[in-house]
Amino acid sequence: MVDVDDILRTAIEKDASDVHLISGIRPMLRIARHLTPYEGCDNLTPEDMADIYDYFIRGNIDKDAVFTKTKKLDSSFEFNGLRFRVNISLSGDVPVFTLRLIKNELPTFEELGVAAPILKAIQEMGYESPMPVQEEVIPFLLGEDNDVIALAQTGTGKTAAYGLPILQKINVSQYQPQALILCPTRELCLQIADDLNDYSKYIDNLKVLPVYGGSSIESQIKALKRGVHVVVATPGRLIDLMNRKTVDLSNVKNVILDEADEMLNMGFTDSINEILAAIPENRNMLLFSA
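Residues 649 to 938 (this note's numbering) make up the sequence shown, in order.
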């Protein structure tokens with residue numbers, strides 16, 4: 649079994665700000681903004697991740713219930729007299745952990761400017777305080793005319809980092825796409841849409857639509873005709889809808905490329921350029937990459 653106590657001690661000794669525990673790689677310590685592998689164990693296995701989950705939950709029925717329901721958990725714990733913040737999410741069926749050593753008092757989501765309906769939803773999902781990428785990005789995106797490039801590993805809260813402010817800025821009385829999120833795969837498309845629906849649970853009439861190949865295009869066209877506010881799309885299916893003149897992107901104000909590097913590696917450059925050509929030039933561009 650991986651020695652979590654030793655990982656935490658090492659993080660404290662090396663003055664690490666974050667610890668990332670992800671299946672398939674060694675534990676990673678963020679030291680002076682650089683990720684450094686922890687040398688005390690091999691690459692983490694799915695079995696190791698299950699043991700680490702047990703370590704942090706430690707029989708806490710309430711926390712286990714929140715994670716089982718939402719597939720996310722945001723909490724804190726004490727170790728050697730210091731407080732750590734732990735965020736648990738899922739990558740497939742395997743938990744991903746991001747730990748942050750709390751040296752100063754963390755801001756709240758409310759202090760970052762997140763509105764009451766979204767606050768209520770994320771608190772029910774177990775969110776307590778912002779992850780580093782959320783702390784940096786949310787206030788910035790709540791401003792005006794701000795482009796963003798952010799590097800954040802899986803499980804570090806990047807969907808909420810762009811999703812919360814994007815949802816907050818939607819005009820729900822205008823039933824046209826106002827935000828577009830492009831991603832490389834059907835699975836990620838559905839995951840992002842599910843997250844956005846969870847965040848906007850208490851925003852009346854806000855509509856999020858995932859569009860992707862391998863599913864009925866007719867049902868997606870019908871949903872677009874009824875009116876949506878946020879479109880989450882894979883590039884190929886979105887271009888198909890554009891060619892059929894069934895999606896209007898002329899009111900899109902924010903474009904998010906999630907896993908932008910992966911989309912470029914998969915050869916979507918021309919498709920992305922074609923999509924951007926149909927969106928007003930005064931849009932905000934948000935690029936998120938691992």
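For glycine and all other residues, C-beta sits at the position ideal for the given N, C-alpha and C.
Limits of the alpha helix (DSSP H) - the one that L889 falls within = P883 to N891
Closest by CA to V903, which one among N794, L677, D702 and C689?
-> N794
Hey, Y775 and L815: beta-carbon distance below 8 Å or not?
-> no
Grab the span of the beta strand (DSSP E) containing F727 for me, first residue to last.
-> L721 to F727
Name the DSSP bridge partner or partners of R748?
-> D666 and R733
Note the first and the last residue of the continuous beta strand (DSSP E) segment covering P765.
-> Counting along the chain, P765 falls outside any beta strand (DSSP E), though it belongs to the alpha helix (DSSP H) covering A764 to E772.
D795 in three-state terms, based on DSSP | Taken through DSSP and simplified to helix, strand or coil, D795 comes out as coil.
Local Cβ density within 10 Å of V813, reported as buried at 16 or more and exposed below that = Position check: residue 813 holds Pro in this sequence, whereas Val was assumed. Counting Cβ neighbours within 10 Å, P813 comes out buried, since at least 16 surround it.
Would you check if the distance between the CB atom of G761 and the CB atom of P787 is smaller than 8 Å?
-> Their beta carbons are under 8 Å apart, which means G761 touches P787 by this criterion.
Please report how far the alpha carbon of I869 lies from the alpha carbon of R681, in whole angstroms.
-> 45 Å
By a C-beta neighbour count over all protein chains shown, 10 Å radius and 16 as the cutoff for buried, is K873 buried or exposed?
-> exposed
Mind checking which residues open and close the alpha helix (DSSP H) that includes S919?
-> For S919, the enclosing alpha helix (DSSP H) has its first and last residue at T917 to L924.
H877 vs Q826 beta-carbon contact at 8 Å = yes
Would the beta-carbon of I655 fall within 8 Å of that of L730?
-> no
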